[in-house]
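Number of protein chains: 2
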Amino acid sequence: MGSDSAVTAPGAVVLASGGMDSCVCAALAMRDYATPNPPALLHVDYGQRTEARERQAFNALADHYRIARRLVAACPGLAAIGGSALTDATIPVPAAAPAPGEIPVTYVPFRNAHFLALAVSWAEVLGAKVILIGAVEPDSSGYPDCRPAYYAAFNRLIATGTRHGDIEVRTPLIAMRKAAIIRLGLELSAPLHLSWSCYQGSDRACGECDSCRLRLQAFAEAGVPDPAPYR
Amino acid sequence: MGSDSAVTAPGAVVLASGGMDSCVCAALAMRDYATPNPPALLHVDYGQRTEARERQAFNALADHYRIARRLVAACPGLAAIGGSALTDATIPVPAAAPAPGEIPVTYVPFRNAHFLALAVSWAEVLGAKVILIGAVEPDSSGYPDCRPAYYAAFNRLIATGTRHGDIEVRTPLIAMRKAAIIRLGLELSAPLHLSWSCYQGSDRACGECDSCRLRLQAFAEAGVPDPAPYR
Numbered sequence: 078m079g080s081d082s083a084v085t086a087p088g089a090v091v092l093a094s095g096g097m098d099s100c101v102c103a104a105l106a107m108r109d110y111a112t113p114n115p116p117a118l119l120h121v122d123y124g125q126r127t128e129a130r131e132r133q134a135f136n137a138l139a140d141h142y143r144i145a146r147r148l149v150a151a152c153p154g155l156a157a158i159g160g161s162a163l164t165d166a167t168i169p170v171p172a173a174a175p176a177p178g179e180i181p182v183t184y185v186p187f188r189n190a191h192f193l194a195l196a197v198s199w200a201e202v203l204g205a206k207v208i209l210i211g212a213v214e215p216d217s218s219g220y221p222d223c224r225p226a227y228y229a230a231f232n233r234l235i236a237t238g239t240r241h242g243d244i245e246v247r248t249p250l251i252a253m254r255k256a257a258i259i260r261l262g263l264e265l266s267a268p269l270h271l272s273w274s275c276y277q278g279s280d281r282a283c284g285e286c287d288s289c290r291l292r293l294q295a296f297a298e299a300g301v302p303d304p305a306p307y308r
Numbered sequence: 078m079g080s081d082s083a084v085t086a087p088g089a090v091v092l093a094s095g096g097m098d099s100c101v102c103a104a105l106a107m108r109d110y111a112t113p114n115p116p117a118l119l120h121v122d123y124g125q126r127t128e129a130r131e132r133q134a135f136n137a138l139a140d141h142y143r144i145a146r147r148l149v150a151a152c153p154g155l156a157a158i159g160g161s162a163l164t165d166a167t168i169p170v171p172a173a174a175p176a177p178g179e180i181p182v183t184y185v186p187f188r189n190a191h192f193l194a195l196a197v198s199w200a201e202v203l204g205a206k207v208i209l210i211g212a213v214e215p216d217s218s219g220y221p222d223c224r225p226a227y228y229a230a231f232n233r234l235i236a237t238g239t240r241h242g243d244i245e246v247r248t249p250l251i252a253m254r255k256a257a258i259i260r261l262g263l264e265l266s267a268p269l270h271l272s273w274s275c276y277q278g279s280d281r282a283c284g285e286c287d288s289c290r291l292r293l294q295a296f297a298e299a300g301v302p303d304p305a306p307y308r
């Protein structure tokens, strides 16, 4: 760390699920956070039902940008704790959209704190000063950890709880509607065809879960076809 | 969750490494946080070099208090990230105390955020409203994530990032000197003989690492012999 990391530090640590938002976020990082070194890419395996497919998308994204510094960090505690349709196979993923104001059963309790904690720990070791996450508030599923106030609170936590207190989480997409994210992705030539959003997970997306529904709506709104394969 | 958890919820989720502070913290929880149900005990395996010995101490503590609801959550990401003498076998644990104001190489980057994130996720699923952690500021190793400001920031994060925003981390020992923690432990009949603090880890404590040094100093100050076995 210290003087070493000033030379070897990536321009940012980018959290990437392999979904559409993180694909565009990585494209932004390649444009804006490539100094002194290319961004590092972090994926979290938390025992989610679609992990194998997500990881495939993550690696395809990292390969596309020739990013050498990539890490798949396992977080098996979240699946052991359960309480979500994404990590507990006995809770089905609902096909319908949640009622307005309702937090859906796909909410994984306090999930993004685990993601960000891993990103901060890695950033401290690598010497990176910026963490990017493709969290989005509008058109999202109503998860509490996708709101700007949450990330502001996380940055205050980093300021008090790290070696130098000088790492910052940034959420460049947070206020954007999904259709705008797609348009930004097209402008940046982001490899949207490699991204994966479906909660069911197989070779082809189901087109029916909440995540597919939001994605398809957004592509329709952006006026372009979704390049991902559907059943 | 919801109505179910109001009946089954533990009085608290207690983070326990198996060390002296968490032993006293668990004893406090047994006295003050046993309603509507006994506390739940959480241990984190983050690939630390002494995990096998710590886990033995954790289970002995849970057995002592007949706590059924216990969870050992793995967090292998921290060891994969490294950067600390506790998780990277190539970085030796120093025998000497760190210089004043210096953060020692045993600091695990942003470690307590991982612990607390697991505790919050579990508390959300169990319906617990309180998390106890035996963090201590005085006489500690100078880790940034052992200060009151850090826990205040974490509570603001929970308020914005959870389903109901009604879980609180409490640090009942944070302002206590180690000798006072020992006296409190004796008053509560905490099973201090089962606790384990050494960074080296084997059948007997080394008596020389920073953690042993702080522990032995504290017992000397409290005027009682340390019941743990030393080399």
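Here the protein sequences line up with chains X and P, keeping their order. When the count follows the working numbering, it moves up by one through the first sequence with no breaks and lands on 308 for the last residue. When the count follows the working numbering, it moves up by one through the second sequence with no breaks and lands on 308 for the last residue. Cβ coordinates follow ideal geometry from the N, Cα and C atoms, glycine included.
Can you name, in chain order, every residue of its own chain whose Cβ lies under 7 Å from the Cβ of C286/X, other than the five neighbours on each side? Cβ neighbours of C286/X beyond the five flanking positions: V170, A172, C275, Y276, Q277.
(message) Using the three-state DSSP reduction, which class does S80/P fall into: helix, strand or coil?
(response) For S80/P, the predicted model reports a pLDDT of 45, less than 50, meaning its position is unreliable and no value from the coordinates is stated.
Here's the rule I'm using: 16 or more other beta-carbon atoms within 10 Å means buried, otherwise exposed. How should R281/X be labelled?
Per the 10 Å Cβ criterion, exposed.
Beta carbon of V101/X, beta carbon of G262/X: below 7 Å? In this structure, G262/X lies closer than 7 Å to V101/X by Cβ.
Q | Start-to-end residues for the beta strand (DSSP E) that takes in L92/P | A | Boundaries of the beta strand (DSSP E) harbouring L92/P: 90 to 92, taken from the DSSP string.
Neighbourhood of V90/X by C-beta distance below 6 Å, restricted to the same chain and skipping five residues each side
Exclusion of the five residues before and after V90/X leaves A117, L119, A196, W199, A200, A205, I208 as the residues of its chain whose Cβ lies within less than 6 Å of its Cβ.
_Among R247/X, G242/X, A139/X, L291/X, whose alpha-carbon lies nearest the alpha-carbon of A257/X?_
Each of R247/X, G242/X, A139/X, L291/X was checked against the Cα of A257/X, and the nearest Cα belongs to L291/X.
Taking the alpha carbon of E264/P as the reference point, which residue from R108/P, V84/P, A212/P, L92/P has its own alpha carbon closest? Across the set R108/P, V84/P, A212/P, L92/P, the C-alpha of R108/P shows the shortest separation from the C-alpha of E264/P.
| said: For a minimum of 3 consecutive residues, which ranges assigned as the beta strand (DSSP E) are wholly contained in the region 109 to 161 of chain P? | reply: Fully enclosed beta strand (DSSP E) runs of 3 or longer: 117 to 122, 147 to 151.
**Asked** First and last residue of the beta strand (DSSP E) that includes R247/P?
**Response** 245 to 247 is the span of the beta strand (DSSP E), which, as asked, contains R247/P.
Once the 5 residues before and after D98/X are set aside, which same chain residues still bring their CB inside 7 Å of it? For D98/X, where only same-chain residues beyond five positions count, the Cβ hits under 7 Å are G211, V213, L250, I258.
Exercise for review: Report buried or exposed for H270/X, applying the criterion of at least 16 other Cβ atoms within 10 angstroms of its Cβ.
Suggested key: Residue burial annotation: H270/X is exposed, with fewer than 16 other C-beta atoms found within 10 angstroms of its C-beta.
Point to revise | Residues, ordered as in the chain, of the region 91 to 112 of chain P that lie near chain X by beta-carbon distance below 7 Å | key: Flagged: no residues at all.
Open item on the list: Does any residue of chain P have a CB that is nearer than 7 Å to the CB of H191/X?
Closed with: Using a Cβ-Cβ cut-off of 7 Å, H191/X counts as an interface residue toward chain P, since at least one Cβ of chain P sits closer than that to its own.
Checklist entry - So is S272/P in contact with chain X if we call contact Cβ pairs under 7 Å? => result No, S272/P does not count as interfacial toward chain X.
- prompt: According to the Cβ coordinates, are L148/X and Y123/X closer than 7 Å?
  reply: In this structure, L148/X sits away from Y123/X, with a CB-CB distance that is not shorter than 7 Å.
Of the residues A151/X, C289/X, G88/X, R233/X, the one placed nearest R188/X, counting alpha carbons only: The option with the nearest alpha carbon to R188/X is A151/X.
| said: Going by DSSP in three states, A106/X sits in which element: helix, strand or coil? | reply: In this structure, A106/X counts as helix in the three-state DSSP scheme.
query: Can you name the residues that DSSP bridges to Y307/X?
result: DSSP output for Y307/X lists A282/X as bridge partner(s).
- prompt: Should E128/X be labelled buried (16 or more other beta-carbon atoms within 10 Å of its own) or exposed?
  reply: Counting Cβ neighbours within 10 Å, E128/X comes out buried, since at least 16 surround it.
Entirely enclosed alpha helix (DSSP H) segments - the region 166 to 232 of chain P, minimum 4 residues: Entirely contained in the region 166 to 232 of chain P, the alpha helix (DSSP H) runs reaching 4 residues are, in chain order, 188 to 203.
(message) Using only the alpha-carbon positions, how far apart do Y307/X and M253/P sit?
(response) Straight across, the Cα-Cα distance linking Y307/X with M253/P is about 59 Å.
- Message: Determine whether the beta carbon atoms of Y220/X and T248/X lie at a separation below 7 Å.
- Response: Not in contact: Y220/X and T248/X (Cβ atoms no closer than 7 Å).
Query raised in the report: Looking at the structure shown, is M97/P part of a helix, part of a strand, or coil, going by DSSP?
Result: Helix at M97/P.
So, under 8 Å CB-CB, A134/X and G95/X are touching, yes? Tell me the CB distance rounded to an integer number of Å. With a beta-carbon spacing of about 3 Å, A134/X and G95/X fall inside the 8 Å limit used to define contacts.
Please report whether the beta-carbon of G238/X lies at a distance below 7 Å from any beta-carbon of chain P. At least one CB of chain P lies nearer than 7 Å to the CB of G238/X.
Determine, using beta carbons only, whether P225/P comes closer than 7 Å to chain X.
Using a CB distance cut-off of 7 Å, P225/P does not count as an interface residue toward chain X.
Below-7 Å beta-carbon distance, C152/P vs any chain X residue: For C152/P, the nearest CB of chain X lies under 7 Å from its own CB, placing it at the interface with that chain.
Discussion item. Counting only beta-carbon separations shorter than 7 Å, does F135/X have a partner in chain P?
Written reply: F135/X has a beta carbon lying at 7 Å or more from every beta carbon in chain P.
| To the nearest angstrom, how far is it from the Cα of S161/P to the Cα of T183/P? | Using only the alpha carbons, I get a separation of about 5 Å.
| message | Residues in the same chain with beta-carbon distance under 6 Å from E298/X, minus the five sequence neighbours each way, listed in chain order, please. | response | A256.
request  = Name the residue from R240/P, A86/P, Y110/P whose alpha carbon lies nearest to the alpha carbon of V185/X.
outcome  = With distances taken between Cα atoms, V185/X lies closest to R240/P.
Candidates A194/X, P215/X, Y110/X: closest to F231/P by CA position
The shortest Cα separation from F231/P among A194/X, P215/X, Y110/X belongs to A194/X.
Q: Kindly say whether A194/X, judged by its beta-carbon, lies nearer than 7 Å to any beta-carbon of chain P.
A: Yes, its Cβ sits closer than 7 Å to a Cβ of chain P.
Does E179/X get closer than 7 Å to chain P when you measure Cβ to Cβ? Taking 7 Å as the CB threshold, E179/X stays off the interface with chain P.
Between which two residues does the alpha helix (DSSP H) containing Q294/P stretch?
Here the alpha helix (DSSP H) through Q294/P covers 287 to 299.
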